[in-house]
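Asks: Order-wise, the sequence lines are chains H and B.
Count the first sequence with the numbering used here and you get residues 1 to 306, in order.
Count the second sequence with the numbering used here and you get residues 1 to 242, in order.
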Amino acid sequence: MIEVENLTKKFGNLTAVDDLSFHVNEGEIFGFLGPNGAGKTTTVRMLSCLISKTSGSARVAGYDIGNDADSMKIRQIIGVVPDDLGLYEDLSAYENLDFYGKLYGCTEIQRKESIQRLLTMLGLWEKRDAASGTFSKGMKQKLAIARALIHDPKILFLDEPTANLDPISAKTVRDFILELKNERKTIFLNTHNLDEVQRICDRVAILKTRLIAVGTPNDLKESLWLSKTVIQVDEVNDRILKALDALSLKKITTNKNRLIIDVTNSEKENPGIVDAIVRAGGRIQLVTDVSPTLEDVYLDKVGEIK
Amino acid sequence: MRLPVAWIIATKDFSTFMKKKGVIYPLLIPSILVSIVVPLLISFDSSLFGTISIPSLLDSVLFFFVIQAMVMPMTLAAYSIVGEKAEKSLQPLLAAPVTDGEILLGKSLAAWLPAIIAACATASIFMALGDLVTYGSLGYLYFPNMSAAVILLIVIPVVALFAIGVNIIISSRANDIRTAMQLGAFAYLPIAAIFGAGLFHFFVINAINLLIISAIILMIDVILFSISTKTFQREEILTKWK
Chain H
1 MIEVENLTKK FGNLTAVDDL SFHVNEGEIF GFLGPNGAGK TTTVRMLSCL ISKTSGSARV
61 AGYDIGNDAD SMKIRQIIGV VPDDLGLYED LSAYENLDFY GKLYGCTEIQ RKESIQRLLT
121 MLGLWEKRDA ASGTFSKGMK QKLAIARALI HDPKILFLDE PTANLDPISA KTVRDFILEL
181 KNERKTIFLN THNLDEVQRI CDRVAILKTR LIAVGTPNDL KESLWLSKTV IQVDEVNDRI
241 LKALDALSLK KITTNKNRLI IDVTNSEKEN PGIVDAIVRA GGRIQLVTDV SPTLEDVYLD
301 KVGEIK
Chain B
1 MRLPVAWIIA TKDFSTFMKK KGVIYPLLIP SILVSIVVPL LISFDSSLFG TISIPSLLDS
61 VLFFFVIQAM VMPMTLAAYS IVGEKAEKSL QPLLAAPVTD GEILLGKSLA AWLPAIIAAC
121 ATASIFMALG DLVTYGSLGY LYFPNMSAAV ILLIVIPVVA LFAIGVNIII SSRANDIRTA
181 MQLGAFAYLP IAAIFGAGLF HFFVINAINL LIISAIILMI DVILFSISTK TFQREEILTK
241 WK
């Protein structure tokens with residue numbers, strides 16, 4: 001549904017997005033993960049034809065983002081929820097949606113049906129005549145999502161949709177995103193919320209100006225970050241460290257009386273490690289297997305680029 | 001360029017303006033007051049205006065509505081463009097399937113049409129009341145006349161366009177509505193100077209002079225809109241507008 005090849009955006013001498021290549025499949029939730037200033041918003045702006053690319057190419061639903069005629073078609077089949085929601089605060093929820101429905105060429109009947117359906121699904125129907133400026137952050141976020149869906153787009157770009165929301169509102173938004181996935185909509189989710197990515201994304205790309213990694217959350221955890229075995233002994237001494245060195249392990253670090261050892265397969269490697277420590281006279285108090293989280297992968301990979 | 005799309009944007013802005021009563025009323029009240037109070041004062045005692053003849057007085061006051069036709073679009077355009085910029089509502093609009101030109105036209109119409117309607121309506125009230133109170137002393141109906149027709153049909157529309165063109169250029173630099181209006185105030189000066197010159201007889205407000213002024217302003221309008229269309233481009237708005 002989205003194909004990106006060597007996409008680059010420069011603002012003068014500053015490279016905001018550098019040589020991105022990835023694809024997003026139809027009907028998947030694709031998480032775009034990165035710290036502030038990583039180029040997430042710039043990428044969404046390029047893919048939604050709001051700003052031009054400097055080089056490379058991208059196709060959205062088969063349309064070329066660099067082609068003026070195609071860019072209008074792309075805008076017709078996508079919905080965008082920017083980080084700044086940009087609602088018309090003097091207008092009611094209904095008027096906000098009706099305006100965008102008209103802009104997208106929906107008929108009056110289509111608009112009425114869509115507005116009622118979306119506002120009902122998001123729990124805002126009762127508030128349809130209230131000025132959106134009187135809404136809470138969560139309600140505004142929901143209204144902005146409804147606005148992006150008013151014309152039933154195939155692809156939805158969401159820029160930090162749960163940022164600054166309370167946990168209940170954030171869950172409502174996440175649940176709604178999952179409902180959209182069931183409707184086979186392709187969702188491009190910009191976020192720096194790792195928990196959110198792990199909960200709802202089918203695949204995730206980690207970005208920091210350049211693409212660092214892309215895959216399913218589990219693939220990333222397995223392929224990019226080793227498991228760790230933490231062994232607590234009564235005392236870490238040279239004999240134990242020499243015994244472990246002899247095993248040619250990937251990495252050993254110590255923290256007080258703890259040995260933190262990178263392992264590829266803990267079930268196979270741990271018995272040998274324990275045996276070596278015991279033979280070296282170490283008294284083992286505790287053995288813990290630590291599986292990586294997506295946060296570990298993220299911090300590891302983003303930190304590497306610094 | 002699809003006019004219906006521009007009209008959708010304009011009507012949305014009309015709806016927004018109608019909800020900003022604190023903005024609309026102060027814009028309308030001065031011209032309503034002038035259109036009623038000046039004829040009342042003339043009927044009460046025309047010598048209140050010194051040695052100015054009644055026709056000169058009527059012409060000069062009619063020119064006041066030209067200034068009104070500039071103040072109103074300047075303010076509305078500030079709310080329409082800088083207001084959206086401040087509310088961050090331009091990005092979703094720019095992400096919709098509309099061209100930059102359609103947005104620009106819609107926003108210009110939203111500021112231009114109410115200004116024209118308000119200026120022409122209040123000027124018409126003034127002309128009707130002016131005729132009513134001066135018919136006895138003049139012995140004929142002073143309005144409508146050629147100067148009034150030129151003011152209503154030509155000067156007011158081109159001056160309102162001038163105000164919008166100035167405001168669009170200011171919008172790329174101003175962060176808030178107040179700053180946009182303060183910067184825009186400089187654009188009133190040449191029009192106010194013409195008004196003053198007419199009032200104090202340095203300049204004769206007649207149809208020919210008004211047509212010459214209109215032609216000059218129209219040429220400036222063309223230049224301003226050429227600059228505006230270059231300024232009002234989505235990438236420029238998203239990445240360079242402060």
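All C-beta atoms in this analysis are idealised placements derived from N, C-alpha and C, irrespective of residue type, glycine included.
Have a look at residue 228/B and residue 45/B and give me their C-alpha separation to the nearest angstrom.
Replies: So the two alpha carbons sit approximately 48 Å from each other.
Asks: Between the region 59-68 of chain H and the region 89-101 of chain H, can you find at least three pairs of beta-carbon atoms closer than 8 Å?
Replies: No, because fewer than three Cβ pairs between the region 89-101 of chain H and the region 59-68 of chain H fall closer than 8 Å, the two stretches do not touch.
Asks: Beta-carbon of residue 48/H versus every beta-carbon of chain B: anything under 8 Å?
Replies: yes
Asks: Using a Cβ-Cβ cut-off of less than 9 Å, give me the residues of the region 110-128 of chain H that come near chain B, in sequence order.
Replies: none
Asks: Taking Cβ-Cβ distances shorter than 7 Å, what residues in chain B pair up with residue 95/H?
Replies: 15
Asks: Whose C-alpha, out of 239/B, 31/B, 4/B and 173/B, is nearest the C-alpha of residue 116/B?
Replies: Across the set 239/B, 31/B, 4/B and 173/B, the C-alpha of 31/B shows the shortest separation from the C-alpha of residue 116/B.
Asks: Check whether the Cβ atoms of residue 161/B and residue 123/B lie closer than 8 Å to each other.
Replies: no
Asks: Taking the continuous alpha helix (DSSP H) assigned at residue 279/H, which residues delimit it?
Replies: Counting along the chain, the alpha helix (DSSP H) containing residue 279/H begins and ends at 266-279.
Asks: So, does the CB of residue 56/H fall closer than 8 Å to a CB anywhere in chain B?
Replies: Chain B, which has no Cβ nearer than 8 Å to the Cβ of residue 56/H, makes this no.
Asks: When you compare only the Cα positions, how much space is there between residue 231/B and residue 28/B?
Replies: For residue 231/B and residue 28/B, the distance between alpha carbons rounds to 30 Å.
Asks: At what residues does the alpha helix (DSSP H) containing residue 75/B begin and finish?
Replies: 54-77
Asks: Please compile the residues from chain B whose C-beta is within a distance smaller than 7 Å of the C-beta of residue 59/H.
Replies: Using a Cβ-Cβ cut-off of 7 Å, residue 59/H is close to nothing in chain B; its nearest Cβ partner there is about 18 Å away.
Asks: What residues in the region 82-107 of chain H bring their beta carbon closer than 7 Å to a beta carbon of chain B?
Replies: 82, 84, 86, 87, 88, 89, 90, 91, 95, 99, 100, 102, 103 and 104
Asks: Run through the DSSP bridge pairs and tell me what residue 79/H is partnered with.
Replies: BP columns for residue 79/H point to 156/H.
Asks: Straight-line CA distance for residue 118/H to residue 65/B?
Replies: 47 Å
Asks: Between residue 111/B and residue 217/B, what straight-line distance do the alpha-carbon atoms span, to the nearest angstrom?
Replies: The alpha-carbon of residue 111/B is positioned some 18 Å away from that of residue 217/B.
Asks: Helix or strand or just coil, what does DSSP make of residue 64/H?
Replies: strand
Asks: Take residue 182/H as the anchor and find which of 82/H, 18/H and 26/H has the nearest alpha-carbon.
Replies: Nearest of 82/H, 18/H and 26/H to residue 182/H, Cα basis: 26/H.
Asks: DSSP beta-bridge partners for residue 255/H?
Replies: 258/H
Asks: Just tell me which of 229/H, 42/H, 88/H and 176/H has its CA closest to the CA of residue 145/H.
Replies: 176/H
Asks: From 127/H, 44/H, 112/H and 67/H, pick the residue whose C-alpha is nearest to that of residue 252/B; which is it?
Replies: A query on residue 252/B cannot be resolved here, the shown segment of chain B reaching from 1 to 242 and no further.
Asks: Please confirm whether residue 139/H has its beta-carbon closer than 8 Å to some beta-carbon of chain B.
Replies: No, its Cβ sits nowhere closer than 8 Å to a Cβ of chain B.
Asks: In chain B, what lies closer than 8 Å to residue 76/H by C-beta?
Replies: 97
Asks: Taking 8 Å as the threshold (C-beta atoms), are residue 185/H and residue 154/H in contact?
Replies: yes
Asks: Using beta-carbon positions only, say whether residue 124/H and residue 142/H come within less than 8 Å of one another.
Replies: yes
Asks: By alpha-carbon positions, which one of 94/B, 9/B, 151/B and 73/B ends up nearest to residue 234/B?
Replies: 94/B
Asks: What residues in the region 21-47 of chain H have a beta carbon less than 8 Å from any beta carbon of chain B?
Replies: 45
Asks: Assuming residue 228/H contacts residue 262/H under a Cβ cut-off of 8 Å, what Cβ separation, rounded to an integer in Å, is found between them?
Replies: Residue 228/H to residue 262/H, Cβ: 6 Å. Contact.
Asks: Indicate, with yes or no, if the ligand ADP has a heavy atom lying under 7 Å from the CB of residue 58/H.
Replies: Ligands in the displayed structure: none, and consequently the ligand ADP is not present.
Asks: Exposed or buried, residue 253/H, counting other C-beta atoms within 10 Å across all chains shown (16 or more means buried)?
Replies: exposed
Asks: Can you list, in chain order, the residues of its chain whose CB lies under 8 Å from that of residue 270/H, leaving out five sequence neighbours each side?
Replies: 229, 263, 287 and 289
Asks: Is residue 2/B buried or exposed, if buried means 16 or more other CB atoms sit within 10 Å of its CB?
Replies: exposed
Asks: Given a cut-off of 8 Å, decide if residue 165/B and residue 90/B are closer than it, judged by their beta-carbon atoms.
Replies: No, Cβ-Cβ distance for residue 90/B and residue 165/B is not below 8 Å.
Asks: Can you name the residues of chain B whose CB is closer than 9 Å to the CB of residue 52/H?
Replies: 235
Asks: Is it right to say residue 55/H is buried, meaning 16 or more other beta carbons lie within 10 angstroms of its own, or is it exposed?
Replies: exposed
Asks: Quick check on residue 135/H: buried or exposed, where buried means 16 or more other Cβ atoms within 10 Å of its Cβ?
Replies: buried
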